[in-house]
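Those protein sequences? They're chains A and B, same order as listed.
Its first residue numbered 44, the first sequence is counted upward by one per residue in my numbering.
Its first residue numbered 254, the second sequence is counted upward by one per residue in my numbering.
Accompanying notes for the structure given below.
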Amino acid sequence: MTATATTSRADAATAIVSAFFDAYRARDVEAMIDLCTDNADFDYIPFEVVGKQRTVRGKGKIRGVGKAIWASLIDAFPDLTNEVSSMAADDDGNVAVEVHIGGKQAKSFGALPQTGDSYWLPHLFVFHVDDDCLIDAIRAYWDNANWYRQMGWKEVG
Amino acid sequence: MTIATEFIRALNAHDAALAMTYCDADGELLLPHLGEPGTLAIEGTEYFEALVTAFPDLRIRTRHHCKMHDGVEVAEVNVSGTQAADFIGIINQEKFCDVDQAWRFTTGDGRITGLHCFWDQTMLLRRLGVKRLDNITITQGAAL
Chain A
44 MTATATTSRA DAATAIVSAF FDAYRARDVE AMIDLCTDNA DFDYIPFEVV
94 GKQRTVRGKG KIRGVGKAIW ASLIDAFPDL TNEVSSMAAD DDGNVAVEVH
144 IGGKQAKSFG ALPQTGDSYW LPHLFVFHVD DDCLIDAIRA YWDNANWYRQ
194 MGWKEVG
Chain B
254 MTIATEFIRA LNAHDAALAM TYCDADGELL LPHLGEPGTL AIEGTEYFEA
304 LVTAFPDLRI RTRHHCKMHD GVEVAEVNVS GTQAADFIGI INQEKFCDVD
354 QAWRFTTGDG RITGLHCFWD QTMLLRRLGV KRLDNITITQ GAAL
């Protein structure tokens, strides 16, 4: 791997994203949102909750569906925590993070019934940080099959 | 063009062998269904050969691409195609699938030294007609 000198823009972006995961680890959703623009975009690509009337997907705004998902996830997994294993940035405000997130289930979460099991799941997050050092986009990827297997849920959906 | 985009271009040409020539043999490979890290030479060759073989109309469309510092590249892609053969234990039901994925490359000296892929395996399974994680194939009971 070739090490290259980072720029102040890349350093500032990684600092904001680090603060985001610090707030997430503290389970402080308001602090997470405070690091984002008012209209920041949110896309949890694998997120899908099939209800009786409609299907809720994880795409929208951070202050809307993002906040709702984080709050309900923390409510269902009250010891939720995360561990960042890698963080890389470019000079345009993009930051890619490999992070494990997990906890012990205390309540049902969406279609996942309460099992009392724990999970520890690898994710890839891609952030964009704007010129004012605020996050204006978050996209995340993970494997629900791994999550369901850890939680003991067999249906694919 | 970067080494990562060359890799994707080779797969779009259905030339997995060419794609693997851009990789270090010992490079770490993470794929959702593997469970444990593999190597680019062994598990990587096996997987990408299977991908281009099972999906003869395979198309990998890059939605976002970032070239980070320290040799990291991230390609957010949509991988689509119609299954024409059994694929990683998933029996062929001739279904079409498209799945959004993120591929994180580590590169050095003009070569791919690591590849971590992230996607929702349940989405892939649903698209290919699988309903339960403990019953991926009709003939085998192997879970992923």
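Backbone N, C-alpha and C define an ideal beta-carbon position, used for all residues, glycine too.
Look at the segment 354-389 of chain B and you find these whole runs of beta strand (DSSP E), each 3 residues long or longer: 364-371. CA-CA distance, A/D179 to A/F85, rounds to 9 angstroms. Here B/F371 has A355 as same chain residues with Cβ atoms under 6 angstroms from its own Cβ, once five neighbours each way along the sequence are excluded. For B/K320, the residues of chain A that pass the 8 angstroms Cβ criterion are D133, in the order they occur in the chain. Per DSSP, A/F168 is not a residue of any alpha helix (DSSP H); the beta strand (DSSP E) it occupies stretches across 161-172. Taking 8 angstroms as the cut-off, the Cβ atoms of A/H143 and A/L164 count as close. In this chain, the alpha helix (DSSP H) harbouring A/M75 covers 72-77. By a beta-carbon distance limit of 8 angstroms, B/L293 contacts B/G280. Their separation comes to about 4 angstroms.
Three or more beta-carbon pairs drawn from the segment 349-365 of chain B and the segment 375-386 of chain B are found closer than 8 angstroms, and the two stretches are therefore classed as touching.
Among the residues of the segment 157-174 of chain A, those with a Cβ less than 8 angstroms away from any Cβ of chain B are P165, H166, L167, V169, in the order of the chain. Residue environment for B/T359: buried (at least 16 other C-beta atoms within 10 angstroms of its C-beta). Non-local C-beta neighbours of B/A269 in its own chain, meaning closer than 6 angstroms and more than five positions away in sequence, comprise F301, E302, V305, ordered along the chain. Counting C-beta atoms within 10 angstroms of its own C-beta, B/K320 has 16 or more neighbours from the protein chains shown and is therefore classed as buried.
Listed in chain order, the positions of the segment 278-295 of chain B with a beta carbon within less than 7 angstroms of a beta carbon of chain A are P285.
Going by DSSP, A/K102 is part of the beta strand (DSSP E) stretching over 98-104. For A/T50, there is no enclosing beta strand (DSSP E), as DSSP gives it neither H nor E. The residue from B/G363, B/T335, B/E296, B/G361 with its alpha-carbon nearest to that of B/I313 is B/T335. Within chain B, no C-beta atom comes less than 9 angstroms from the C-beta of A/I178; the nearest is roughly 15 angstroms away.
DSSP places B/N331 inside the beta strand (DSSP E), whose first and last residues are 325-335. DSSP places A/M130 in the strand class (E or B) of the three-state scheme. Secondary structure of A/Y184 (DSSP, three-state): strand. Only those residues of the segment 354-380 of chain B whose C-beta falls short of 8 angstroms from the nearest C-beta of chain A are listed: Q354, A355, R357, T359, T360, G361, D362, T366, H369, F371, W372, D373, Q374, T375, M376, L378, R379. When C-beta distances to chain A are compared with 8 angstroms, the residues of the segment 315-340 of chain B below that value are H317, C319, K320, M321, H322, D323, G324, V325, V327, E329, in chain order.
Less than 8 angstroms separates the beta-carbon of A/V169 from that of B/E329.
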